[in-house]
Ligand SMILES: Nc1ncnc2c1ncn2[C@@H]1O[C@H](COP(=O)(O)OP(=O)(O)OP(=O)(O)O)[C@@H](O)[C@H]1O
Ligand SMILES: [Mg+2]
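Residue numbers (the working numbering), protein chains in the order written: chain A, 1 to 245; chain B, 1001 to 1416.
Now the structure itself:
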């Protein structure tokens, strides 16, 4: 299926090799005053356009921390990080907001939909922040919701939806600005295995259509459906293997 | 949808905080009422003071003759200086820049008789210009005496309004003849009641005024008790007083620098001090009102701090979806303004209502009420109140908005 593009990013892979994520010696230290937690201790990671990467690892190993850095929700303590060929270091808050708005689509374990507005409005929201015209917003929100199988639930509030449906709204929302990369932190963690499987199938479809995805998961069965598995332990990458197709 | 989102956020949070929102709007309204009424009363007081200052005469100085305290050209100190009625014309010719000059001779023990009624009263002999200079405006049907009355020494009398009622009761005095120390005088006018704060020879509604020439003929004295000069503009007064002393010094032989020769009440100086006092009172009232508003503003800010706290997660989500700072802060600033302006509008309506109601209460001749019962709302008051409200509204929204914008999305959205 063809995704209508709002904005074409002609600069994907500006460093010539098509890397959307390029991390070099990334560290992250949480300084809570009394204790300093070294959550990431030197991550080198490159993700090319069109890759589907699963990130696995035990609890507390730093997976979410890494995802937050990739999604520009947080900034690294040290190291070099380029997103779609642009250095993220030194961007101000509004510039980071724009990067989050245009370059990444974030999917959370607990969905994080705005509870008081409808599924449709939730999908519309990033486009609102991105300055998309009203007509285009409507068209695209409808298309995306239909695409994730919620064409008949558009006016429902999140509380009126099941967990799997909520996560599908969140995926539609993440795709709204046609991002360079889709990030999902344990997207199936709160779902039963059937809905979890649906979500994974959706991801796989997106990948097959040329999308770039990074997904954190505890479920090795799901991880094995990705193209590449990266394992993290104690803030370091300990394994990085391609799955047989 | 932006407006819709903002509005929904506003409605939802104000539902949630309904009680506090109502209290806060009430506080702002109360602050607005307070500041408006305080300033309105201040303005009313100022207007009344201005009026009463005019009542005695604008830009005048009253001058009482005394004695010399310094020797002058071989004359010893301690000589009395006693100007006479003719000196008024002498001064007028030598001080053409004055707006007016007059002399007064007083008698405190004159009997006025009409029919069976006799009162002992204060009678002043003065020049015809007194009517204008000293604001003795006749009630309809009457007049003050004129230059011809004065030149022809006519026996005419102008009565203070209280004195007129004492003698004539409900009768119209104008055209009646009364006995002044047994001589017949025609009543030609009665003073229009006026609001007055200061005087220098007793209440003005209680005296009778006759031409100075007639007075001299009746009482046989021409020594003035005091003189009054009037200048066109306040700043001319010091120069006029200096010139006044020089002119009389040449005639009566005294040191024009001698401070004891004349006692002087310069009302221009007095009104300067009064003006400063009024400014002080206004500032004081304004500050109290502004502080009340500020407390209301802090209430608004507190409500919104609570909203920020309650909505932290939603704000974090919006940030994660790429909302710039202005998207986050906008609704809060808007909300601060809405609450404040809502309260301000209520306050304005209440204050205007009170001012209108007060203006309907008759003062009934009560002087204290006459001074306080006329609060006046003016454009400057309205505009400055609106400006203060707007500022407080902006600040009340700004600080919570700043806190909202400082939310860390990664921290907020961390899944526990
Ligand atoms: N905001 C924070 N302040 C302090 N320490 C933190 C913070 N966020 C994470 N950490 C710590 O950093 C380490 C990595 O946490 P992270 O959430 O990235 O782990 P994770 O791999 O996502 O774990 P899980 O599988 O349980 O989600 C942990 O030790 C955690 O306690
Ligand atoms: Mg995690």
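All C-beta atoms in this analysis are idealised placements derived from N, C-alpha and C, irrespective of residue type, glycine included. Quantities reported herein were computed from a predicted structural model and do not represent experimental measurements.
Span of the beta strand (DSSP E), counted from its first residue to its last, around residue i
{"i": "residue 27 of chain A", "result": "19 to 31"}
{"i": "residue 1218 of chain B", "result": "Note, residue 1218 of chain B: premise wrong, no beta strand (DSSP E); alpha helix (DSSP H) at 1212 to 1219."}
{"i": "residue 1114 of chain B", "result": "1100 to 1114"}
{"i": "residue 965 of chain B", "result": "Missing from the structure shown is residue 965 of chain B; chain B here goes from 1001 to 1416 and no further."}
{"i": "residue 251 of chain A", "result": "Past the edges of chain A, shown from 1 to 245, lies residue 251 of chain A, and the structure says nothing about it."}
{"i": "residue 1262 of chain B", "result": "1262 to 1266"}
{"i": "residue 1077 of chain B", "result": "Note, residue 1077 of chain B: premise wrong, no beta strand (DSSP E); not H, not E."}
{"i": "residue 276 of chain A", "result": "In the structure displayed, chain A extends from 1 to 245; residue 276 of chain A sits before or after that span and is not available."}
{"i": "residue 1227 of chain B", "result": "1226 to 1230"}
{"i": "residue 293 of chain A", "result": "No statement about residue 293 of chain A is possible, as the shown extent of chain A runs from 1 to 245 and does not include it."}
{"i": "residue 213 of chain A", "result": "213 to 216"}
Under the three-state DSSP convention, the category residue i falls into
{"i": "residue 246 of chain A", "result": "Only positions 1 to 245 of chain A appear in the structure, and residue 246 of chain A is not among them; the question remains open."}
{"i": "residue 122 of chain A", "result": "helix"}
{"i": "residue 81 of chain A", "result": "strand"}
{"i": "residue 1065 of chain B", "result": "strand"}
{"i": "residue 1361 of chain B", "result": "coil"}
{"i": "residue 1184 of chain B", "result": "strand"}
{"i": "residue 106 of chain A", "result": "strand"}
{"i": "residue 101 of chain A", "result": "helix"}
{"i": "residue 1051 of chain B", "result": "helix"}
{"i": "residue 36 of chain A", "result": "strand"}
{"i": "residue 1326 of chain B", "result": "helix"}
{"i": "residue 169 of chain A", "result": "helix"}
{"i": "residue 4 of chain A", "result": "Caution applies to residue 4 of chain A, whose pLDDT of 40 falls short of 50 and renders its modelled position unreliable; the value that the coordinates give is listed next. Coil."}
{"i": "residue 1059 of chain B", "result": "coil"}
{"i": "residue 86 of chain A", "result": "strand"}
{"i": "residue 1338 of chain B", "result": "helix"}
{"i": "residue 1249 of chain B", "result": "helix"}
{"i": "residue 129 of chain A", "result": "helix"}
{"i": "residue 986 of chain B", "result": "The structure shown has nothing for residue 986 of chain B, since chain B only spans 1001 to 1416."}
{"i": "residue 92 of chain A", "result": "coil"}
{"i": "residue 1177 of chain B", "result": "strand"}
{"i": "residue 1037 of chain B", "result": "helix"}
{"i": "residue 46 of chain A", "result": "strand"}
Proximal residues to residue i (C-beta, below 6 Å), its chain only, five neighbours per side dropped
{"i": "residue 179 of chain A", "result": "103, 104, 105"}
{"i": "residue 1194 of chain B", "result": "1055"}
{"i": "residue 1342 of chain B", "result": "1025"}
{"i": "residue 1179 of chain B", "result": "1113"}
Limits of the unbroken alpha helix (DSSP H) element including residue i
{"i": "residue 1381 of chain B", "result": "1379 to 1405"}
{"i": "residue 68 of chain A", "result": "63 to 70"}
{"i": "residue 995 of chain B", "result": "Residue coverage of chain B in this structure runs from 1001 to 1416, which leaves residue 995 of chain B outside it and unanswerable."}
{"i": "residue 1161 of chain B", "result": "1161 to 1168"}
{"i": "residue 1412 of chain B", "result": "1409 to 1412"}
{"i": "residue 137 of chain A", "result": "134 to 147"}
{"i": "residue 205 of chain A", "result": "193 to 208"}
{"i": "residue 1149 of chain B", "result": "1147 to 1151"}
{"i": "residue 1313 of chain B", "result": "1312 to 1320"}
{"i": "residue 222 of chain A", "result": "220 to 223"}
{"i": "residue 1132 of chain B", "result": "1130 to 1133"}
Buried or exposed by the 16-neighbour rule on C-beta atoms within 10 Å, applied to residue i
{"i": "residue 160 of chain A", "result": "exposed"}
{"i": "residue 964 of chain B", "result": "Nothing in the structure corresponds to residue 964 of chain B, since chain B is present only between 1001 and 1416."}
{"i": "residue 1415 of chain B", "result": "exposed"}
{"i": "residue 1250 of chain B", "result": "exposed"}
{"i": "residue 1335 of chain B", "result": "buried"}
{"i": "residue 1065 of chain B", "result": "buried"}
{"i": "residue 1378 of chain B", "result": "exposed"}
{"i": "residue 1349 of chain B", "result": "exposed"}
{"i": "residue 65 of chain A", "result": "buried"}
{"i": "residue 115 of chain A", "result": "exposed"}
{"i": "residue 1374 of chain B", "result": "buried"}
{"i": "residue 1283 of chain B", "result": "exposed"}
{"i": "residue 4 of chain A", "result": "Low confidence applies here, because residue 4 of chain A scores a pLDDT of 40, under 50, leaving its location unreliable and the question unanswered by this model."}
Cβ neighbours of residue i in the same chain (closer than 7 Å, five flanking residues each side left out)
{"i": "residue 1243 of chain B", "result": "1095"}
{"i": "residue 151 of chain A", "result": "145"}
{"i": "residue 1126 of chain B", "result": "1102, 1103, 1104, 1209, 1212"}
{"i": "residue 1256 of chain B", "result": "1245, 1246, 1249"}
{"i": "residue 190 of chain A", "result": "109, 110, 163"}
{"i": "residue 166 of chain A", "result": "111, 113, 158"}
{"i": "residue 126 of chain A", "result": "101, 173, 176, 177"}
Cut-off 8 Å between Cβ atoms - residues of its own chain near residue i, not counting five sequence neighbours on either side
{"i": "residue 1038 of chain B", "result": "1285, 1286, 1288, 1289"}
{"i": "residue 1351 of chain B", "result": "1032, 1033, 1036, 1037, 1040, 1377"}
Give me every residue whose Cβ sits closer than 7 Å to any heavy atom of ligand 2, in chain order. A/63, A/64, A/185, A/186, A/216, B/1415
Name the residues in the region 124 to 151 of chain A whose C-beta lies less than 7 Å from a C-beta of chain E; which are they? Given the protein chain composition of this structure (A and B), no chain E is represented.
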